[in-house]
Amino acid sequence: MGNSCEKNGFLQAVRDFLFGFVAYGPAQVAVKTRANMEDLFMIVTVGGMLGIPIFSSYYSLRFLPYMVPRITTWKRRLLREKDFTDILEE
Amino acid sequence: MNSVIVVILGFIVAFIGYRVYAKYVDEKIMQADPKRVTPAKMYMDGVDFMPTNRNILFGYQFKSIAGAGPIIGPIIAIQWGWLPALIWILLGTFFIGWVQDYSTAMISMRKDGASLGGLSHKLISPRARILLLSFIYFYLLLIAGAFGNVVVSTAINLKSSPMAWLFLTIGGVLAGQMIYRWRVDILVTTIVTVAIALFGIWLGSVAPSNKIIGDSLANSRWLWAIAAFVFCYFAAVLPIWRFALPINYVASYIVFLGLFFGIIGILILHPDFTLPAYTSFTIKIGPLWPIMFVTIACGAISGWHSLVSSSGTARQLENELDARPVTAGVMFVEMILAIFALIIAGTIYASPSEYGAAIAKGPAGVFAAGVSKFLGALGLPAEAGRAYGSVMMIMLAITIMQLVIRFMRIATSELLSDISPVFRNAHVGTIIASLLGALLVLTGWWQYLWVLFGGANQLMASLALMVITAYLMSEGKPAAYAFYPMIFMFVTTIGALIYTSFNLLQKVFSGAVKGEALIGNALMGVVGLFLVVAAFILGWEAIKAFNRYKTIRAQEAGAKA
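Here is the structure:
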């Protein structure tokens, strides 16, 4: 398993450190905000996979080809055991 | 003694600790395996689990753990003398601090990115998880109180700080609007908003708060406590991108520039220590053991780091070999930061009495004076330097406070929503947390609050070390490197919490304090005792878990024989 920073020089390491210090946290929040919006859409359309039947199966089938690549990771993310210390990720 | 010798000593200890001791544990005990798939790579959902470059994680981990703790602790602890404080910073980090940070991340990584609560559930017992989460709630309350006190005392004693704080808030809110709504380029946004913050720092130095709102309001603890908790209220209930996040983003630049140039200033001036190497075993806040060991928390060992390492870092490490540089490496860097704070406190005053007069008003004044002096070596005017140091202190404290209040809002919902659905309401949880925090700020003596916070923080570390020991025993690995530090931290922190709680409750029952101070002291004393009781129950659960693993190992050994 290679490490992505093996090829980077010292200056790149400094840039990465600064990015981690000032911008990585906000970047993560942006990613999670987008994920929350996607979660909402997927709950509405294929919520049945989590035991939440909401939407008409006709629309679920129409959207299914676009959502199949994301379903496994989506289910894992929503059903993963969490407690309030997870907020520290933000 | 010249401070550069202390800096060199710090670097030597960091080098040996990282390259010898940490490397030994990483290779021989934990046996970090570059071929083992980490949760970041196994799950890779692009949200919670995201393999990330270790240099980025290094910066992120450093930002997450380096707050006001490594700065304030040494500034207070120097009252015992700079030598015992230095010894604890060096040895604490070498034997305990990095051990906790690194091991929590490794274990979380190997248990599919479980949080500390989840790890305690799996490795100790289900009851341990509930106790730990309850413990964390009251630990957070003490953080809110201790750091809230820092913010309030800074605003009162450094009159330039409120204006700087206001403009930094304006810059932050504007940054959120520019990035997320107006879609302005991030570089332009950064330049504009950091410039606004720097302008506010300059403006604060020429228009201090007493000239704007008068002496009475400028010196009002109530006003600044309300301001701090209203700030945290907005941070807790507004969407994160609207308030908390962009303000933290802008503040990161202010803090980073201050730390970076401040450290350069120290190296340029290389001052001698003017305060004594050792004063006395017992001072006003208590005896050297156990109180000094909890006064310096984050610069030596801190339970907060275990929460960060398990909740965030462990889910982003792309390779097990990255754990040592990201966690242990950052802890040694924080040790260096604590040493610089010690140098600030120990070198800028001409005499112990001058330092004593400054520390009586709070640690922020000492820090701001130090930043002023060392940035002055680079040409910044003294008043601007003091304003810069004061806003750094406020931001270091309030960024943690707002996270803590958000934390407590969610914790209130998780712990109490079964009792009544009203606790699920975001505003209710936030108001409860803010009121409790404000009560501590307005009624507690700040040095006791800091000791209680430190004690809870270090006890949290001891509990994390308990979880680490349980993991090592469950895997049949040598556990001594975590077990003995756990014992030391457990005994020391229980001693500190009992000593401080006893003093507080003695004042309450003897009638020495009245009115709101009575409520505040009683609350602090009770919280301290609750933490002790929770720790003892957790300790008992851990002993049962240790015995369980020992029995399993003995049975396996017997079966093989």
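So the sequence lines, in the order shown, correspond to chains A and L. Going by this note's numbering, the first residue of the first sequence is number 48, and it counts up by one from there. Going by this note's numbering, the first residue of the second sequence is number 127, and it counts up by one from there. Ideal Cβ placement from N, Cα and C applies to all residues, glycine included.
The alpha-carbon separation between Phe-220 (chain L) and Asp-152 (chain L) amounts to approximately 14 Å. Counting the other CB atoms within 10 Å of its CB gives Glu-480 (chain L) a total below 16, which places it among the exposed residues. Taken in chain order, the whole alpha helix (DSSP H) runs of length 4 or more contained in the segment 600-650 of chain L are 606-636. Each of L:Ile-558, L:Thr-538, L:Ser-331 and L:Thr-618 was checked against the Cα of Ile-262 (chain L), and the nearest Cα belongs to L:Thr-538. Chain A places no beta carbon closer than 9 Å to that of Gly-429 (chain L), leaving this residue out of the contacts. Between Val-577 (chain L) and Thr-453 (chain L), the C-beta gap is not smaller than 9 Å, which leaves the two residues out of contact. Closest by C-alpha distance to Thr-626 (chain L), out of L:Ile-201, L:Lys-149, L:Asn-647 and L:Phe-616, is L:Asn-647.
With at least 16 other beta carbons inside 10 angstroms of its own, Tyr-574 (chain L) counts as buried. Annotation: Cβ neighbours of Ala-537 (chain L) in chain A (cutoff 7 Å, chain order): Phe-131. In terms of beta-carbon proximity, Gly-172 (chain L) lines the interface with chain A, with at least one pair separated by less than 9 Å.
The continuous alpha helix (DSSP H) containing Lys-499 (chain L) extends over residues 489-502. Straight-line measurement puts the Cα of Gln-59 (chain A) at about 41 Å from the Cα of Arg-255 (chain L). The beta-carbon distance between Met-612 (chain L) and Phe-273 (chain L), rounded to whole angstroms, is 26 Å. This is too long to meet the 8 Å contact definition. Using a Cβ-Cβ cut-off of 9 Å, Pro-112 (chain A) does not count as an interface residue toward chain L, since no Cβ of chain L sits closer than that to its own. With respect to the 9 Å criterion, Val-659 (chain L) and Lys-79 (chain A) are not classified as neighbours on the basis of their beta carbons.
The C-alpha of Arg-109 (chain A) is placed about 43 Å away from the C-alpha of Asn-181 (chain L).
When L:Ile-594, L:Arg-309 and L:Ile-531 are compared, the shortest CA-CA separation from Ala-564 (chain L) is found for L:Ile-531. Against chain L, the CB of Pro-116 (chain A) has no partner CB under 9 Å away; the residue lies outside that interface. Interface with chain A (9 Å Cβ-Cβ cutoff): Gln-187 (chain L) is included.
For the pair of segments examined, the segment 220-237 of chain L was found to touch the segment 582-591 of chain L: the number of CB pairs separated by less than 8 Å reaches three. Glu-540 (chain L) reaches chain A at Asp-130 and Phe-131, counting residues in chain order whose Cβ is nearer than 8 Å. The Cβ-Cβ distance between Leu-242 (chain L) and Met-534 (chain L) does not fall below 9 Å.
Counting every other CB atom within 10 Å of its CB across the protein chains shown gives Ser-342 (chain L) a total below 16, marking it as exposed. Below 8 Å, enough C-beta pairs join the segment 271-291 of chain L and the segment 486-505 of chain L to call them touching: three or more. According to the DSSP assignment, Glu-540 (chain L) belongs to the alpha helix (DSSP H) that extends over 508-542. Taken through DSSP and simplified to helix, strand or coil, Pro-252 (chain L) comes out as helix. Rounded to whole angstroms, Val-634 (chain L) and Tyr-359 (chain L) show a C-alpha spacing of 30 Å. Secondary structure at Ile-409 (chain L): strand, using DSSP grouped into helix, strand and coil. If you check each beta-carbon in the segment 71-102 of chain A against every beta-carbon of chain L, the ones closer than 7 Å belong to Tyr-71, Gly-72, Pro-73, Val-76, Val-78, Lys-79, Thr-80 and Ala-82. Interface with chain A (9 Å Cβ-Cβ cutoff): Ala-449 (chain L) is excluded. DSSP, read as helix, strand or coil, puts Asn-181 (chain L) in helix. Per the DSSP secondary-structure output, Asn-128 (chain L) pairs in a beta bridge with L:Asp-398. Note on geometry: alpha-carbon atoms of Pro-413 (chain L) and Asp-171 (chain L) lie some 50 Å from one another. The beta-carbon distance between Gly-472 (chain L) and Thr-400 (chain L), rounded to whole angstroms, is 7 Å. This is short enough to meet the 8 Å contact definition. Per DSSP, reduced to three states, the secondary structure at Leu-655 (chain L) is helical. Excluding residues up to 5 positions away in sequence, Phe-273, Val-276, Met-519, Leu-522, Ala-523 and Ile-526 lie with their Cβ nearer than 8 Å to the Cβ of Ala-194 (chain L) in the same chain.
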